[in-house]
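What follows is a short report on a single structure.
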Amino acid sequence: LQGHPSKALQGRAMPVEYVMYQGIKFPPAYNSEQSLHFAHREFQVQDDDVFNVTYPKSGTVWMTEILSLICRTVLNSTRMPWFTTRLGLEAALNYPPPRLLTCHLPIQLFPTSFFGSRAKVIYTLRNPKDVLVSYFYFSKMCSSYEDPESFEQFLGDFLSGDAVPHGSWFNHVRGWMEMKGKDNFFFTTYEELQQDLRGSVQRLCQFLGQALDEGALTAVVENASFRTMRENQMCNSTLLPADIMDQEKGTFLRKGICGDWKNHFTAAQSKAFDGIYRDRMGGLLGAFPWD
Ligand code: A3P
4 LQGHPSKALQ
14 GRAMPVEYVM
24 YQGIKFPPAY
34 NSEQSLHFAH
44 REFQVQDDDV
54 FNVTYPKSGT
64 VWMTEILSLI
74 CRTVLNSTRM
84 PWFTTRLGLE
94 AALNYPPPRL
104 LTCHLPIQLF
114 PTSFFGSRAK
124 VIYTLRNPKD
134 VLVSYFYFSK
144 MCSSYEDPES
154 FEQFLGDFLS
164 GDAVPHGSWF
174 NHVRGWMEMK
184 GKDNFFFTTY
194 EELQQDLRGS
204 VQRLCQFLGQ
214 ALDEGALTAV
224 VENASFRTMR
234 ENQMCNSTLL
244 PADIMDQEKG
254 TFLRKGICGD
264 WKNHFTAAQS
274 KAFDGIYRDR
284 MGGLLGAFPW
294 D
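Take 4 as the starting number for the sequence shown in the numbering used here and just add one per residue.
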């Protein structure tokens, strides 16, 4: 990771030099144009691959923990490589099947070989207002993201789409929702995980064809709780070097709740957000799945 531009290395005043791929910004510490191109065009998807796909801050690491707890045949040390990143790609290529893989890719950049395969995708959606708040705090602590000037500015970038790394939330969700209803696509929400983690794990087991007895199910639910994960160095990001993730500027497992946006948005900001949401999403998601 050394030698890559980040605000920690360059000083806070310097902008982060994002990697651009197909018009979307990606954080430089992890991605390169080559790794993204390889993931998109050349990465060979296998029929027994399972992908954990999200827009950032939607519960990626939570789902990673759940899946790696369900699929205990996979070594925890290898877990779920981020195959779009420089280090993760190598891990993914050396990974014995069946692979569990993670990414934030929008559907148009997902490995083209996926579309002719029987590989599975699990997509986790989260209330975009909570995504935005979580992303705002995460951007402050992660050196690969530009420090937001203010909440107002970050909100403007989020709503304008591709100004934020990983691109527009709206396009990400719109794209992936095209897969809804397909046999190899499992759709869930952060809010559903919160409301009924045990039931969610049971439904995931069914989708994955993994039978867990009651004891194993209870262990997954306990280990995937916010309290346990926050203490678990294997998933709370505290082992990452400070020049990548500065623990003095925030906590990766920050609050872990639904509705924190209400503590951040003004009434006017919320109204403007809702208007843009309606314009961009139409009735795509039906009633808000997070309500
Ligand atoms: P907050 O910042 O709102 O607390 P991602 O992994 O996609 O980057 O998402 C991070 C968000 O998921 C953070 O949200 C984090 O606290 C939350 N999260 C992670 N594990 C969780 C858990 N077990 N229960 C509830 N929230 C969790």
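Think of the CB as a built atom: it goes at the ideal place given N, C-alpha and C, for glycine as much as any other residue.
Keep in mind the model is a prediction, meaning the values are calculated, not measured.
Return the chain-ordered list of same chain residues with a C-beta closer than 7 Å to the C-beta of residue i, the five sequence neighbours on each side being excluded.
i      : result
Gly14  : Here the model assigns Gly14 a pLDDT of 47, short of 50, so the residue's position is not dependable and the matter cannot be decided.
Asn239 : Met232, Arg233, Phe255, Leu256
Leu196 : Gly62, Trp65, Ser203
Gln272 : Leu158
Glu225 : Thr231
Ala275 : none
Asn187 : Arg121, Ala122, Lys123, Val124
Buried or exposed: residue i, going by 16 or more other Cβ atoms within 10 Å of its Cβ?
i      : result
Asp52  : buried
Ser203 : buried
Ala95  : buried
Pro244 : exposed
Trp293 : buried
Gly286 : exposed
Phe291 : exposed
Who are the near neighbours of residue i in its chain, counting only those whose CB is closer than 8 Å to its CB and skipping five residues on each side?
i      : result
Asn34  : Val22, Tyr24, Thr87, Thr88, Arg89
Asn79  : At Asn79 the pLDDT is 45, less than 50, meaning the model places this residue with poor confidence; the figure from the coordinates comes in the next sentence. Here the set comprises Ser71, Met237.
Tyr138 : Pro59, Lys60, Phe157, Phe161, Val167
Phe154 : Phe139, His267
Thr115 : His43, Arg44
Ile73  : Val204, Leu207, Cys208, Leu211, Gln213, Leu215, Val223
Taking the CB atoms as reference points, tell me whether residue i and residue j lie closer together than 9 Å.
i      : j      : result
Leu104 : Pro84  : yes
Ala219 : Glu68  : no
Arg177 : Met248 : no
Lys28  : Asp165 : yes
Thr127 : Thr192 : yes
Thr57  : Arg129 : yes
Ser38  : Leu92  : yes
Phe229 : Gly259 : yes
Val136 : Asp263 : yes
Cys261 : Glu217 : no
In the DSSP assignment, the alpha helix (DSSP H) including residue i goes from what residue to what residue?
i      : result
Lys132 : 131-144
Met66  : 63-73
Leu211 : 200-211
Phe118 : Where Phe118 is concerned, there is no enclosing alpha helix (DSSP H), given that its DSSP letter is neither H nor E.
Going along the chain, which residues of its own chain have a beta-carbon closer than 6 Å to the beta-carbon of residue i, five neighbours each way excluded?
i      : result
Ile125 : Asn55, Phe189
Ser120 : Val48, Asp50
Cys145 : Met248
Ser171 : Gly164, Asp165
Arg201 : Val224
Measure how close the beta-carbons of residue i and residue j come, nearest whole angstrom, since I'm counting them as under 8 Å.
i      : j      : result
Asn174 : Pro109 : 6 Å
Leu215 : Val223 : 7 Å
What are the boundary residues of the beta strand (DSSP E) that residue i is part of?
i      : result
Cys106 : 103-106
Tyr24  : 22-24
Asn55  : 53-57
Thr221 : It is not in any beta strand (DSSP E) - Thr221 instead sits in the alpha helix (DSSP H) that spans 217-226.
Tyr126 : 123-128
Phe190 : 188-192
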